[in-house]
Amino acid sequence: MAEVAALVRMARIGKRYGGVRACREVDFSLGAGEVHALLGENGAGKSTLMKILSGDVTDYDGEIRINDEPVSFGGPTDAQAAGIAMIHQELDLVPGLSVADNIFLGRELRTPWRTVDRRRMDREARALLERSGVRLDPRRPVGELRVGEQQLVTIAKAISLDARVLIMDEPTSALTTSEVERLFVVIRELRRAGVGIVYISHRMEEIAQVADRATVLRNGEVVTSFDPRKLSTAEVVEAMVGRPVQTMFTTPDAATGDELLRVEDLALTPRRHRPGRRDPAGISLTVRAGEIVGLAGLLGAGRTELLETLYGVAPGGPRSGRILLQGKEIRPRGPRDALARGIGFVPEDRRASGLVLFHSILANTVLSSVPQYGRFGVVGRRRERAASVRMADRLRLKFGRLQDEVGTLSGGNQQKVVFGRMLLTAPKLLLLDEPTRGVDIGAKAEIYRLLGELAGQGLGVLLASSELPELVGVCDRVVVLRDGRDVASFSTADSGEGDLLAAAMGEGAVFEQVGGPL
Amino acid sequence: MTDVQDKPAAIAETGGGVVATLFRFQSVFGLLAVFVAAIIFSPRRDGQILFVSADNLANVVRAVSEIGIIAVGMTFVILIGGIDLSVGAVLGLAAVGSAVLMVESDWGFLPSVVVVLLIGLVFGALQGMATSMIGIQSFIVTLAGLQIARGLARIWSDGQGVAIAYGDGPDEAPESFAILGERTFGGLVPIPVLIFAVVAIAAVVFLRVSAFSRHLYAVGGNEKAARLSGVPVTRVKIAVFAVCGLLAALAGIVHAVQLNQGSPNDGIGYELDAIAAVVIGGTSLAGGRGSVAGTVAGALLLGVLNNILALNNIDSNIQLLIKGLVIVAAAALQRLRPTS
Amino acid sequence: MTDVQDKPAAIAETGGGVVATLFRFQSVFGLLAVFVAAIIFSPRRDGQILFVSADNLANVVRAVSEIGIIAVGMTFVILIGGIDLSVGAVLGLAAVGSAVLMVESDWGFLPSVVVVLLIGLVFGALQGMATSMIGIQSFIVTLAGLQIARGLARIWSDGQGVAIAYGDGPDEAPESFAILGERTFGGLVPIPVLIFAVVAIAAVVFLRVSAFSRHLYAVGGNEKAARLSGVPVTRVKIAVFAVCGLLAALAGIVHAVQLNQGSPNDGIGYELDAIAAVVIGGTSLAGGRGSVAGTVAGALLLGVLNNILALNNIDSNIQLLIKGLVIVAAAALQRLRPTS
Amino acid sequence: GTTSERTSDQPSAQGAKACKGADGKYVIGMSQANVAEPYRQRMDDDIKAAAAEVPQFEVKFADAAQDNAKQVADVENYITQQIDLLIISPNEAKPLTAVVKKAYDKGIPVLVLDRKVEGDAYTGFIGGDNVQIGTEAGKYVAEKVLPNGGTVVELKGLAGATPQAERNQGFATGIAANPKIKIIATASGDWLREKGQAQMDALLKANPKIDVVYAHNDPMAEGAYLAAKAVGREKEMKFIGIDALPIPSGGIKAVEQGRLTATFTYPTNGKEAIAAAKKLLVDCTTIDKTQTLPTRLIDKANAAAIYAEENPTG
Ligand SMILES: Nc1ncnc2c1ncn2[C@@H]1O[C@H](COP(=O)(O)OP(=O)(O)OP(=O)(O)O)[C@@H](O)[C@H]1O
Ligand SMILES: Nc1ncnc2c1ncn2[C@@H]1O[C@H](COP(=O)(O)OP(=O)(O)OP(=O)(O)O)[C@@H](O)[C@H]1O
Ligand SMILES: [Mg+2]
Ligand SMILES: [Mg+2]
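So the protein lines, in turn, are chains U, H, L and D. When the first sequence is numbered by the numbering used here, its final residue is 519 and no position is left out of the sequence of numbers. When the second sequence is numbered by the numbering used here, its final residue is 503 and no position is left out of the sequence of numbers. When the third sequence is numbered by the numbering used here, its final residue is 503 and no position is left out of the sequence of numbers. When the fourth sequence is numbered by the numbering used here, its final residue is 321 and no position is left out of the sequence of numbers.
Here it is as structure tokens:
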């Protein structure tokens, strides 16, 4: 690798959070026009390292040099001034402001009278969004966008900074294949323009597609650096996890039981329309006991909304069609009702709808099941501890103590906590919305293994995911949604990612195989 | 406190298009309803509806002008996710200040007004610093600020209201000050109303066109995002509390001129009225969404309500009940606005 | 309002271990500091430190018992991210209620007390419904509730304080009621203090051991997550506001017995004192973190402060300044607690 | 209250034990109900001024901010401090009776000002008579202002306050002599100037003819005047207030400057209280159990003179 024109050089970077050493003695460099992938398990220290580079974290050990000049940032603004921009993992946008306002926040465009030039901001925002392949009204408040759309807005925002160094911390975790493709086009353009890009992702297939170089962190330390085109997935994963990981995906288990869930022509007309929501408009599907059924679709196909309807948290309004659980028609009235019937739900946005970030791991893990550990409304302390330790073990949760705040866990481990909470309610049917978003490959394997295990015990799973390999690898069957309807159903035994994507995009769509050798 | 049940909604000042217009309309919905009710329930004389007489309407707006001016500043503070309980006390301090400076210290009109406004500004800024730099919740900072401002006002005035008489004598205030309490445009529009209108319009325009307003919404909507985007969060907070203090002081001057005295007990409880106006106007106490236009509507709603209850000579206890219920109803109406 | 600057901190009730202990210690830190200051600055007579005399200490705690009882309920409400401004007015309503029922309606001790407590409970529950079911911010619901409760109290009592005399006569209250105001344990511990202690201990125990408390913290910490996890959010909110109303009514009974009358103007402004106690005790107004132990410490801190200022006969205006500054200082001290 | 100690058999509280003569040093505690009312602030000021003339006296002040419970605590703190004499202007009678008795039983002489407490466990009461003031105001309106009858609007004090009820009741008695006088409207101004102004705005609107505005205190009368002036009707009617505080923002000045037609003094009793304390502590004599101070009519004729008389040094 040519180390000649290092744009950024970080040397012996160290950072502690209390007892946790997020980074130790990390050396990292980035050249102009280079896409440098940063890999590692959840909690390996990737985000921390990049927050240091982008001026978000200011108390650290070690040295940063930009163009061979030592720098020390007092905050994100300093880093931006030095040409460093970052797309944060936890989409940090202002919900009440419009897309354009968010993109230009802190550096608004002005008219000659020093007032905000709204029209120009809208125009430029639209152009930026189109460049990343999104059609979005820049005047819409960000709060009403889908997670995926928000992610695209943060990308547009980062691109608009015209940075020399662009850090992308899991920019695609909520995107589906076609949006990812568009992003890669943009990345290649930027690379050609000499921008140095740090690319963090847990989607292994993406690394080989875009990265020129990859560095693996484990427990805050660099373990290896390599050319991603030359290593196999298994080797990369072994470097990340520190031991060989065998099969990524459980082989679909054909031995399924009785019909657990049947959805017949479900449609919902919300009383109050919310822009951007795609409510079920005629969906039929079934899930058998022991079966893992995938839900595929493009951004906004209505997967999330279907799961929300099944869990009873969709907006009110007349609905048609039927939902049958074990042959009996149900009308889920809300989470309590659904949980009581044995339906569990893992929402897609763990920070906003999954966790109380500043409460302990323990409290978050047992939140849905706490009454069952005691009697007379008193918490059974020992039993709840035992239950959450058991669950942490089972999910291989990486944590310090059960009392630690859940917000200090790495993203993937946070996801496991939400997952564990639902498992503790002993559901019959598990509704999962992007359950592995931001989860590292090792932990994903754990989750898949667990899903297989649970399915083996007769649990039915409905899994919405934007990761095609995951759907194909984990599910027995995949139902494809488009515009709130089911348009196709595939058995994963005899169809691949290409079939799913073609169905998701609709007829006539030309599908170009993504993913090279990895 | 975060009332998390608050559903997301478009904000009027920054969102464009139909939704925003609709929302703006919604924020005056309660006001319209109360206005119509006022006409219906207004006593009549010689076939004339007393409520809608020009004179009475001027009175209604004059009576809300102080709360209205304060509420504009409060809107800013609430938009950044804070609250300011000290405004009533700062009003009292400013009223005392103008009276003491002009009457007892025999200062001129302009220096007195400027110094009083500065006092409000600095007091607000100090509170902003305590909350943004030390990180104490603004509720508690301004609760303390309330006591401090009240204490200062009492000490400054020796605990007694300072009467304002006009003239050139040593114990008299300049006549120019009295003008602030008079009426203009053919005796129709009281100057306090004019001041309120100017403040409100300036605030609305400011929120629509300035870059600072984007920062303000950002700080209230997602402080971390704001910080990461390079918004000077601390500076925004200090500025907002300073402006709120300044406006409270302005209201205090208006108060003093209207009542011909500055008393340390002026403005007790005004903070709650101002907050009620803001919230009825559709601004979320969680920060990040709301508008000054809504606040003005909210203040007028409260004013119309007070006026119609008084015109009908409703028993003061029943008035309390009715006001409570109308406030809840107005807030409930707000919930009907289109959500995203 | 969300003061987003609030740094994360371990929560006392659900976390265990060293951090939690440290935090609990921190929440009484300010109290200790003020206590020591009180001893130092206490006037002496015949070599005796007046502040620490048993009588004076009993007075201090008795004086805070009402605010303390209210503040316990307020802690619950603030923990779920709400606020209750109506507590002072509900106290007044309950004081009037006990006096009217026992004296004018000639009811017995038990039925009167039960009915008054029920009134508080129902009033609180109604407010809880308005905020959780209609979704109006609790600040505004309880601001309206304040006016309604005050209006009801005025109407019920004809606007006059209702004096309580004891005896068996028609216009007399049962002697058993008077006991609530007396002292026990050798004339050392006033019963109101005992009631406060029982309420506080019950609340602390409840928050530590009950499953419900997990729900309560979760609702305040992240309402959406709580709802999706199957927490009965609406029910939790209604219950919490109901308990807060109940405790305010209990405080009202204690108030009436101590003052031998129930007046509709009782308890004006108590809500702010209670909130100050809660926040000084380290509970975040954003909800989801805090403890009753801290609140008790906060209430005692305010009580000791009031007492020592009074014992030294500090001018009441200067008192306002000092109290304001101490509240800010105490809150600033809270910021020093260990963060994650 | 504490009911355990009912031993008021020692007559020492009448001043005998407390009296150490002219050589003694005395700490007097003054418990004020609410200094936010100008009348009560003036009472404190009067006490301060009068006590400055008595070298043996040191007066401490406490403000209960209109809260009965706070005032109870204030008195208890005075007891803890072992003061030599208590002056109290109670917020309300009943709630303070017990604690006043407690002080009295401990041998501390108690002077009660303005509002009585119940029972007789105090040394002396000095106050005005609100019913009588109301009656005087009523008579003045009936005989001097509107001998031929007319319309009156009444601005009342805070609902629930005793003086409010008494000033209302007295006035009704006073005007009863002239049946041609009609009270056409009443409204509650909560003792506040701005509230009086706002209420008057509406009253003016609703009533085309008003001859007299009777307000339960001067600030509300001033507020009403401002409201009438704003619509140019201040000359059509007369404004009558109560309290006549001899301060720049008080009623006497307002009468002198022609805004109010008349006001009636409601004595603060501050001077009289210190005089009584001096009798008890320094002179070792006794005082009358009840001392009611008469009210005085202030009108244009005597306003300036009385203002000067009440503020001797300026
Ligand atoms: N604010 C914080 N307070 C305490 N600990 C933290 C904080 N932020 C990160 N950590 C800890 O530092 C370590 C590294 O976290 P980091 O977020 O850098 O991991 P990551 O590699 O980005 O993981 P992921 O892939 O899940 O995003 C983890 O153990 C995490 O728990
Ligand atoms: N305008 C809106 N108002 C309120 N909630 C919305 C709105 N749009 C989307 N949501 C909610 O936001 C969440 C995120 O949508 P999301 O980004 O998951 O779409 P997606 O997952 O990409 O597409 P799919 O519909 O296929 O799940 C969902 O819970 C959805 O119900
Ligand atoms: Mg990360
Ligand atoms: Mg989705």
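Where a beta carbon is used, it is the ideal one built from N, C-alpha and C, also for glycine.
Heavy atom of ligand 1 within 7 Å of residue i beta-carbon
i              : result
K429 (chain U) : no
F21 (chain U)  : The residue you asked about is not Phe; residue 21 (chain U) is Val in the sequence shown. For ligand 1, at least one heavy atom lies less than 7 Å from the Cβ of V21 (chain U).
G44 (chain U)  : yes
Y18 (chain U)  : yes
Alpha-carbon to alpha-carbon, residue j and residue i
i              : j              : result
D30 (chain D)  : A282 (chain D) : 17 Å
A172 (chain D) : L422 (chain L) : 21 Å
F239 (chain L) : C407 (chain L) : 7 Å
I303 (chain H) : A495 (chain H) : 28 Å
A217 (chain L) : G164 (chain D) : 42 Å
E434 (chain H) : I293 (chain U) : 58 Å
R352 (chain U) : Q290 (chain L) : 30 Å
E257 (chain U) : S490 (chain U) : It is worth fixing the name first, because residue 257 (chain U) is Thr in this sequence and not Glu. Each residue's alpha carbon lies about 17 Å from the other.
I284 (chain U) : L482 (chain U) : 8 Å
L185 (chain H) : E386 (chain H) : Bear in mind that the predicted position of L185 (chain H) carries a pLDDT of just 49, short of 50, making it unreliable; the figure below should be weighed with that in mind. So the alpha carbons of these two residues sit roughly 28 Å apart.
A388 (chain H) : L286 (chain U) : 40 Å
S19 (chain D)  : Y221 (chain D) : Because the pLDDT at S19 (chain D) is just 45, under 50, the model does not fix this residue reliably, and the value given afterwards should be weighed accordingly. Cα-Cα distance, rounded: 46 Å.
Residue i - DSSP class collapsed to helix/strand/coil
i              : result
K278 (chain D) : helix
I140 (chain D) : helix
C26 (chain D)  : coil
V278 (chain L) : helix
D74 (chain D)  : coil
L248 (chain L) : coil
S492 (chain U) : strand
P336 (chain U) : helix
T292 (chain D) : coil
E64 (chain U)  : strand
L185 (chain L) : With a pLDDT of 48 at L185 (chain L), under the threshold of 50, the modelled position of this residue cannot be trusted; read the value that follows with caution. Helix, per DSSP.
Closer than 7 Å: residue i CB and nearest ligand 3 heavy atom
i              : result
Q90 (chain U)  : yes
S226 (chain U) : no
G221 (chain U) : no
Residue environment, residue i, which counts as buried when at least 16 other CB atoms sit within 10 Å
i              : result
G20 (chain U)  : exposed
S454 (chain H) : buried
R119 (chain U) : buried
H418 (chain H) : buried
Contact list for residue i against chain C, beta-carbon separation under 9 Å
i              : result
K400 (chain H) : Reference to chain C is not applicable here, since the protein chains of this structure are U, H, L and D.
Contact between the segment 439–452 of chain L and the segment 240–250 of chain L: three or more CB pairs below 8 Å?
-> A contact exists between the segment 439–452 of chain L and the segment 240–250 of chain L.
| Three or more C-beta pairs closer than 8 Å, one from the segment 254–261 of chain L and one from the segment 313–331 of chain L: is that the case here? | Between the segment 254–261 of chain L and the segment 313–331 of chain L, the count of Cβ pairs shorter than 8 Å is three or higher; the stretches touch.
Report yes or no: do the segment 134–152 of chain U and the segment 109–118 of chain U share at least 3 C-beta pairs separated by less than 8 Å?
Segments in contact, no.
Self-check item: contact_flag[the segment 437–446 of chain H, the segment 478–497 of chain H] where n(CB pairs < 8 Å) is 3 or more
Solution: Judged by pairs of C-beta atoms under 8 Å, the segment 437–446 of chain H touches the segment 478–497 of chain H, as three or more such pairs exist.
| Taking three-plus beta-carbon pairs below 8 Å as touching, is the segment 202–212 of chain U in contact with the segment 229–246 of chain U? | At 8 Å Cβ cutoff, the stretches touch.
- request: Decide yes or no for the touch test of the segment 151–158 of chain D against the segment 112–124 of chain D: beta carbon pairs closer than 8 Å, at least 3 of them.
  value: Too few Cβ pairs lie closer than 8 Å, so no.
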